[in-house]
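Enquirer:
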Ligand SMILES: [Zn+2]
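Numbering (the numbering used here), first residue to last: 7 to 322.
#1: Would you check if the region 241-258 and the region 182-197 touch, i.e. whether three or more CB-CB distances between them fall below 8 Å?
#2: Pop quiz: residue 42 and residue 205 are said to be a contact at Cβ under 8 Å. What is the actual Cβ separation, rounded to whole angstroms?
#3: Considering just the uninterrupted stretch of the alpha helix (DSSP H) at residue 169, what are its terminal residues?
#4: Return yes when the C-beta of residue 330 is under 6 Å from any heavy atom of ligand 1, and no when it is not.
#5: Keeping to the same chain, check which residues put their C-beta closer than 7 Å to that of residue 243; ignore five residues upstream and five downstream.
#6: Taking 6 Å as the line, does the beta carbon of residue 62 fall inside it for any heavy atom of ligand 1?
#7: Please return the same chain residues whose Cβ sits closer than 6 Å to the Cβ of residue 84, not counting the five positions on each side in sequence.
#8: Measure the Cβ-Cβ separation of residue 65 and residue 97 and say whether it is below 7 Å.
#9: Determine the direct distance from the alpha carbon of residue 289 to that of residue 308, and round the result to whole angstroms.
#10: Would you kindly work out how many angstroms separate the C-alpha atoms of residue 166 and residue 87, rounded to a whole number?
#11: Using three-state DSSP, classify residue 322 as helix, strand or coil.
#12: Short of 6 Å in beta carbon distance, which residues of its chain neighbour residue 306, apart from the five on each side in sequence? Order them along the chain.
#13: Kindly examine ligand 1 and report whether one of its heavy atoms sits closer than 6 Å to the Cβ of residue 82.
#14: Reducing DSSP to helix, strand and coil, say where residue 9 ends up.
As structure tokens, then:
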């Protein structure tokens, strides 16, 4: 796999805009990078952090100064990552308190301080509240980069304190061209992109056989549940055994396909049951973030029930 070149081909305008702001000393102190997951926002934010920390000026981090070497080694003392302890879990208030201390202490290297918060929608209610003051007064030469895959789930008080930078899904041709460059050996890039819901970095992740097999299996289960040949309760344990993010993401993609075909084939709008299934997914993610002892079987039982109703409601 070739190393990712950042900005990715569909991120050029966002990158150029920020470089211009950095050159003129007008970078905002808090940026909200918003858009679907699997399109490269995280890599973009990491490269932007390197650019801001870099001792040289230019449209890319120099890669050779002390700051760049520390950042590349993952040990720059003025670069902080705020993430859930486990994927899919919440970002708790303690992490935000650590971030506040980071922002109020003197920068170790005497330059910028940068913090990446990802995914921002994983902040608990109290963590989000605790973050407000830091967002208002982050200190000089401090940049907070908030990454949100579902910015609509963020409190308005957080969104209003950040400069919004949108990262829409790239068009299909751009995504395919990039994916073919990354995977020159593969003949199935179109299918990978399809199973990834059009998001190229997600598609690249699915080129891993173990991952793609899980997505294929999830889609088979979904078909069987929709066709009525498998009961939701029977499909639940197997889905619960798959990687959570992969499996729920695959179901969300199927739902979008379903809703899309309702629009394309009938000129109609998706049925209420489709929205209810999306709601059930949101609820499942919330519960999982909050509760470590949640039974995945029970959650998948509910998801499959909602999916069966959505599939039966037509549109596919
Ligand atoms: Zn540098």
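Think of the CB as a built atom: it goes at the ideal place given N, C-alpha and C, for glycine as much as any other residue. Given the structure is predicted, the values throughout are model-derived calculations rather than measurements.
Expert: Let me lay it out:
#1: Cβ pair count under 8 Å is below three, so no.
#2: At roughly 6 Å, the Cβ-Cβ gap stays under 8 Å, so residue 42 and residue 205 are in contact.
#3: That residue, residue 169, is in no alpha helix (DSSP H); its beta strand (DSSP E) goes 169-172.
#4: What is shown of the chain runs 7 to 322, which leaves residue 330 out entirely.
#5: Only residues of its own chain outside the window of five on either side were considered, and among them 303 have a CB closer than 7 Å to the CB of residue 243, listed in chain order.
#6: Within the cutoff, so yes.
#7: Spatial neighbours of residue 84 in its own chain (CB-CB distance under 6 Å, excluding positions within 5 residues in sequence) are listed in chain order as 113, 114, 115 and 119.
#8: The answer is no: Cβ separation not under 7 Å.
#9: Answer to the nearest angstrom: the Cα atoms are 10 Å apart.
#10: The straight-line gap from Cα to Cα measures roughly 22 Å.
#11: With a pLDDT of only 44 at residue 322, under 50, the local geometry of the prediction cannot be trusted, and the value read off the model is given with reservation. Coil, per DSSP.
#12: Apart from the 5 residues on each side of it in sequence, residue 306 sits with its Cβ closer than 6 Å to the Cβ of 242, 245 and 246 in its chain, given in chain order.
#13: Residue 82 Cβ: outside cutoff for every heavy atom of ligand 1.
#14: Its pLDDT being 45, under 50, residue 9 is placed unreliably in this model, and the value from its coordinates should be taken loosely. Three-state result, residue 9: coil.
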